[in-house]
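Here the structure comes first, spelled out in structure tokens, and everything after it is commentary.
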Amino acid sequence: MVSLTRSGDRTLEEKEALLGYALIAPSLLLIAAVILYPVLYNIYLSFTAVPLSPAESPEWIGLQHYQDLLGSGQFWSALWTTVVFTFFSTTLATLGGLGAALLFNRKFRGRRFARGLVLLPYVAPLISIAFVWRFMLDPLYGIVPYVGSDVLGLYGGDIDLLSNDRTALWSVIFVDAWRYFPFAFLMLIARVQAIPSDMYEAAKIDGASRFAQFKDITLAELKYILATVFLLRWIWNFNKFADIWLLTRQVETLPVYAYTVAFANYQHGQAAAISMVLFLALIGFVLVYVAWILDW
Amino acid sequence: MAELTLHDVTKVYDDTDGAVTAVDGIDLTVQDGEFLVLVGPSGCGKSTTLRMIAGLETVTDGEITIGERTVHHLAPSERDLAMVFQSYALYKRMTARGNLGYGLKHSTDLKADDREQRVQETAELLGIEELLDDKPEAMSGGQKQRVALGRAIVREPSVFLLDEPLSNLDAKLRSHMRTELQRIQEEVGVTAVYVTHDQTEAMTMADRLAIMDAGVLQQVAPPEVAYDHPANEFVGTFLGSPAMNVFDAVVRERGDEYVVEHDGRTFARVPTGAVERNLLDADVRLGLRPEDLHVDTSLDDAAATCRFEASVTVSEYQGNDNFVYLEAGEQSLTARVPPAVYPDPGSEVDVAVAAEDVYLFEPTTGDAIKTRGIDAERIETRPT
């Protein structure tokens, strides 16, 4: 910028810039205090051994925690579980939301009421949902084992779906997808309703089949919002702790692993290193995703 | 290329709010290669009629045929027609090439090379070759319009349907596209049905007009015929701008002339021979087109001319001619006069009306009793 100032004076642009900095300073300070400081402190902790007594200060041990993690089977298994959980729960929630949005795009009696009901899983308190599902999945008196094994005979009813290590992950994925599909639904329904109907009419005259119309018009129009919903749900599901923890102790994702390390084993430095890995993995995924899929 | 026939076509919307007849027993034949304009006010059923032809609405009753084929039970894509929408309805995520080729891909067996060839030819016809790799969002209104036209033309349909295709364009582009559309239609030689509420568009483009009101077809005729010889009062007032002055009047006989009076004033004189029926003491609706009210000028044929006095309320300068708003007694009239005539508000003027320019309509049914001319002859075809 060319400065036309006489000595001591500021140009209009400089004054505007100063005002701008002054206006964002409070929020910058707030963010620094409540977000930046904990993050930096966490990074610091991940390089230290944190003693139990608050009177002693952490001891610098360098990359020791990270080396331990890379050599630990439990860590790799937790990372894998996290990826599987995130991928399937995100995909299912997004597809469920898409299906519901398409269904609700046509007019029917009681549509507004039904739309309110669809949002229920998303707005109900997590704790009640977790306990309702634990009750419904209970091998003794749950309705899911009753229908699944006694009525339909899909599996032996004596399996505890939430505690069996072969079924626990899938049960959690299913409950999570069920709980969060209304979010995808909400985001998608607005876009679905904004697709002009005359494009479908033009396609009818052009002879496009229903599937071709869905692929070439509906999906094409929803591409960006679908990708955005998927990304948001991916971020949230990758960090998900409470939903999993309240349902079962059998599914160990990275957040759950970090929690147990921190508060069951009291290895806060190690837990900090786990959350750093979680953080970096997520950042890496988001960058790749935004660069390749979401060409904004 | 084919003839399109509508036989007693009816559309009734039957829902919880009750049954509404949107289109009531339309009989219409569009000749092979003809450009027919379906015109009428909003809600008259013209778009519904077009959508029934297209197959986007079901037909409650009646029959639609294209050439030898009965089509009203067929899917839109099986009717061998193409449609241009008011909003263009381009596939937003596809390039112009994709838009043009989409119909060929889905409703013909053409190979990719042949499809590409057809798309290229159509693009050349419309002058949109450079646009082929652009998406609609990068195009102007006129360009989108051309792509939408191209999408219809490329399929080489028997019938071309256009639903107010020019109404989203600005005035200048619209008149340009009007001539462009006519050129293309002539070049392609396809049967076309064009829906509009804009009577200028209708008058300038149509081979024949089909004028609709309240779901009923009022008249089908070439524009000149419909304008000079409207079948009824609705057609008379709908065509022409400013609209025809129409008001209640009563007919008296004086010698061999009918004298048409309103509120004790004589507004028109017509030789009795010009009208087939005996109109003595009949109530009528008198119609006078604004351009037929001659203000402060002498008409040659003094015998058949009626003169009356009126006072000027407002004179409106329009450039190529002026609109003069008049009061004759209680009756308001609009006159369209040459630019040189510009009377001051409040001034008294002489208004002359020639007998051949007098329109008379039946007051109850609105049917025309007398239209332009004094020999009571109906002109059935386009004058040469």
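Chains A and B, in that order, are what the protein sequence lines are.
Quick note on numbering: the UniProt record's numbering labels position 282 of the first sequence as 282, and the sequence is numbered without any gaps.
Quick note on numbering: the UniProt record's numbering labels position 102 of the second sequence as 102, and the sequence is numbered without any gaps.
Every residue gets a Cβ at the ideal spot worked out from N, C-alpha and C, and that includes glycine.
Keep in mind it's a predicted model, so treat the numbers as computed, not measured.
Practice task
Show which residues of chain A have a CB atom less than 9 Å away from the CB atom of His197 (chain B).
Solution key: The residue you call residue 197 (chain B) lines up with position 197 of the second sequence. Simply none; closest approach about 18 Å.
By the 10 Å Cβ neighbour count, where 16 or more other Cβ atoms means buried, how is His73 (chain B) classified, buried or exposed?
-> In the second sequence, counting from the first residue as 1, residue 73 (chain B) sits at position 73. Exposed: under 16 other Cβ atoms inside 10 Å.
Going by DSSP, which residues form a beta bridge with Arg336 (chain B)?
Start at 1 with the first residue of the second sequence, and residue 336 (chain B) comes out as number 336. Looking at the DSSP assignment, Arg336 (chain B) forms a beta bridge with B:Phe323.
Short CB-CB distance (under 7 Å) between Gly110 (chain A) and chain B: As a working mapping, residue 110 (chain A) is identified with position 110 in the first sequence. No, Gly110 (chain A) does not count as interfacial toward chain B.
| request: Could you tell me whether the Cβ of Ile195 (chain A) comes closer than 7 Å to any Cβ of chain B? | output: If you number the first sequence from 1, residue 195 (chain A) lands on position 195. It does not: the Cβ of Ile195 (chain A) has no partner Cβ on chain B nearer than 7 Å.
Check whether chain B comes within 7 Å of Met199 (chain A), counting only Cβ atoms and requiring the distance to be less than that. Here residue 199 (chain A) refers to the residue found at position 199 when the first sequence is read from its first residue. Yes, Met199 (chain A) lies at the interface with chain B (some Cβ there is under 7 Å from its Cβ).
**Prompt:** Residue ranges of each beta strand (DSSP E) run of no fewer than 3 residues wholly in the segment 209 to 295 of chain B, ordered along the chain?
**Reply:** 216 to 221, 245 to 254, 257 to 262, 265 to 271, 283 to 288
Worksheet item: Taking 7 Å as the CB-CB limit, is Ala138 (chain B) close to chain A?
Response: Here the question's residue 138 (chain B) lines up with position 138 in the second sequence. So, not an interface residue.
Please work out which residues of its chain come closer than 8 Å, Cβ to Cβ, to Leu18 (chain A), disregarding the five sequence neighbours upstream and downstream, and give them in chain order. The residue you call residue 18 (chain A) lines up with position 18 of the first sequence. If we look at Leu18 (chain A) and ignore the five residues flanking it on each side, its Cβ neighbours are Arg10.
#### Entry: Residue range of the beta strand (DSSP E) that includes Tyr146 (chain A)
Within the first sequence, numbered from 1, the residue matching residue 146 (chain A) stands at position 146. Note, Tyr146 (chain A): premise wrong, no beta strand (DSSP E); not H, not E.
### Query
Which stretch, first to last residue, makes up the beta strand (DSSP E) that contains Glu121 (chain B)?
Along the second sequence, one-based indexing puts residue 121 (chain B) at 121. Element bounds for Glu121 (chain B): not the beta strand (DSSP E) but the alpha helix (DSSP H), 112 to 126.
Taking the C-alpha atoms as reference points, what is the distance between Leu140 (chain A) and Val84 (chain A)? Mapped onto the first sequence, residue 140 (chain A) falls at position 140. Mapped onto the first sequence, residue 84 (chain A) falls at position 84. Approximately 28 Å, taken between the alpha carbons.
Closer than 8 Å, Cβ to any Cβ of chain A: which residues of the segment 254 to 287 of chain B, in chain order? none
* Asked: Does the Cβ-Cβ distance between Thr10 (chain B) and Asp27 (chain B) come in under 7 Å?
  -> For the purposes of this step, residue 10 (chain B) is taken as the residue at position 10 of the second sequence. For the purposes of this step, residue 27 (chain B) is taken as the residue at position 27 of the second sequence. No, they are not a contact pair.
- [ ] Could you list which residues in chain A have their beta carbon closer than 9 Å to that of Gly103 (chain B), in chain order?
- [x] Position 103 of the second sequence, counted from the first residue, corresponds to residue 103 (chain B). The answer, in chain order, is Ala202, Ala203, Ile205, Asp206, Gly207, Ala208.
With a CB to CB cut of under 7 Å and the five nearest residues on each side skipped, what residues in its chain are close to Leu90 (chain B)? In the second sequence, the residue the question calls residue 90 (chain B) occupies position 90. Taken in chain order, the residues that qualify are Asn99, Pro136, Lys144, Val147, Ala148.
Practice task
Tell me, please, which residues DSSP counts as bridged to Gln331 (chain B).
Solution key: Locating residue 331 (chain B) in the second sequence gives position 331, where the first residue counts as 1. According to DSSP, which records beta bridges pairwise, Gln331 (chain B) is partnered with B:Ala328.
- Along chain B, in chain order, which residues have C-beta atoms closer than 8 Å to that of Ala212 (chain A)? The count along the first sequence starts at 1 and reaches residue 212 (chain A) at position 212. His106, listed in chain order.
Return no unless some Cβ of chain B is closer than 7 Å to the Cβ of Ala271 (chain A).
As a position in the first sequence, residue 271 (chain A) is number 271, starting the count at 1. No, because no Cβ of chain B sits closer than 7 Å to the Cβ of Ala271 (chain A).
Open item on the list: Using only the alpha-carbon positions, how far apart do Ala376 (chain B) and Leu126 (chain B) sit?
Closed with: The sequence position of residue 376 (chain B) within the second sequence is 376, counting from 1. The sequence position of residue 126 (chain B) within the second sequence is 126, counting from 1. Since pLDDT at Ala376 (chain B) reaches only 46, below the 50 mark, its modelled position is unreliable, and no value is offered.
- request: Leaving aside the five residues before and after Leu4 (chain B) along the sequence, list all residues of the same chain whose C-beta is less than 6 Å from its C-beta, in chain order.
  value: Taking the first residue of the second sequence as position 1, residue 4 (chain B) is located at position 4. Answer for Leu4 (chain B): Val30, Ile66, Val159, Thr191, listed in chain order.
If I'm right that Phe361 (chain B) touches Ala354 (chain B) with Cβ under 8 Å, what's the distance once you round it to whole angstroms?
-> If you number the second sequence from 1, residue 361 (chain B) lands on position 361. If you number the second sequence from 1, residue 354 (chain B) lands on position 354. The pair is not a contact, with the Cβ atoms about 18 Å apart (cut-off 8 Å).
Practice problem: Determine the contact status of Phe247 (chain B) and Leu293 (chain B), defining contact as a CB-CB distance below 7 Å. | Solution: In the second sequence, counting from the first residue as 1, residue 247 (chain B) sits at position 247. In the second sequence, counting from the first residue as 1, residue 293 (chain B) sits at position 293. Going by C-beta atoms, Phe247 (chain B) is not nearer than 7 Å to Leu293 (chain B).
- Query: Hey, Leu166 (chain B) and Met177 (chain B) are a contact pair by Cβ (cut 8 Å); roughly how many whole angstroms apart?
  - Reply: Counting from 1 along the second sequence, the entry for residue 166 (chain B) is found at position 166. Counting from 1 along the second sequence, the entry for residue 177 (chain B) is found at position 177. Between Met177 (chain B) and Leu166 (chain B) the Cβ distance is about 5 Å, and since that is below 8 Å, they are a contact.
Item to check | Closer than 7 Å at the beta carbon, the chain A residues around Ser77 (chain B) | outcome: Position 77 of the second sequence, counted from the first residue, corresponds to residue 77 (chain B). By Cβ distance, chain A contributes Lys204, Ile205, Asp206, Gly207.
Test: Met1 (chain A) CB closer than 7 Å to a CB of chain B
Taking the first residue of the first sequence as position 1, residue 1 (chain A) is located at position 1. With a pLDDT of only 49 at Met1 (chain A), under 50, the local geometry of the prediction cannot be trusted, and no value is derived from it.
**Prompt:** Between which two residues does the alpha helix (DSSP H) carrying Val277 (chain A) extend?
**Reply:** Here residue 277 (chain A) refers to the residue found at position 277 of the first sequence. Residues 268 to 292.
Query raised in the report: Mind checking whether Ser77 (chain B) and Ser47 (chain B) have CB atoms under 7 Å apart?
Result: To locate residue 77 (chain B), count along the second sequence from 1; it is residue 77. To locate residue 47 (chain B), count along the second sequence from 1; it is residue 47. Taking 7 Å as the Cβ cut-off, Ser77 (chain B) and Ser47 (chain B) do not qualify as a contacting pair.
Margin query: Please confirm whether Ala22 (chain A) has its beta-carbon closer than 7 Å to some beta-carbon of chain B.
Written below: Indexing the first sequence from 1 puts residue 22 (chain A) at position 22. With 7 Å as the cut-off, Ala22 (chain A) does not count as an interface residue toward chain B.
ask   = Are at least three pairs of beta-carbons, each pair with one atom in the segment 59 to 78 of chain A and one in the segment 156 to 166 of chain A, less than 8 Å apart?
value = no
Can you give me the C-alpha to C-alpha distance between Asp113 (chain B) and Tyr317 (chain B), rounded to a whole angstrom?
As a first step, residue 113 (chain B) must be located in the second sequence, where it is residue number 113. As a first step, residue 317 (chain B) must be located in the second sequence, where it is residue number 317. Cα to Cα, Asp113 (chain B) sits roughly 58 Å from Tyr317 (chain B).
Next on the checklist: Strictly by DSSP, which residues pair up with Ser315 (chain B)?
Outcome noted: On the second sequence, position 315 is the one that residue 315 (chain B) refers to. Paired residues: B:Val324.
> Counting contacts by CB-CB distance shorter than 7 Å, is Ala220 (chain A) in contact with chain B?
Replying inline: Within the first sequence, residue 220 (chain A) is the residue found at index 220, counting from 1. Chain B, which has a Cβ nearer than 7 Å to the Cβ of Ala220 (chain A), makes this yes.
**Q.** CA-to-CA distance, Gly346 (chain B) to Tyr359 (chain B), given in whole angstroms
**A.** Within the second sequence, numbered from 1, the residue matching residue 359 (chain B) stands at position 359. Within the second sequence, numbered from 1, the residue matching residue 346 (chain B) stands at position 346. Computed Cα separation, rounded: 28 Å.
Point to revise | Residue environment, Phe181 (chain A), which counts as buried when at least 16 other CB atoms sit within 10 Å | key: Residue mapping note: residue 181 (chain A) aligns to position 181 of the first sequence, counting from 1. Buried.
Cα-Cα separation, Tyr88 (chain B) to Thr16 (chain B): Here the question's residue 88 (chain B) lines up with position 88 in the second sequence. Here the question's residue 16 (chain B) lines up with position 16 in the second sequence. Approximately 32 Å, taken between the alpha carbons.
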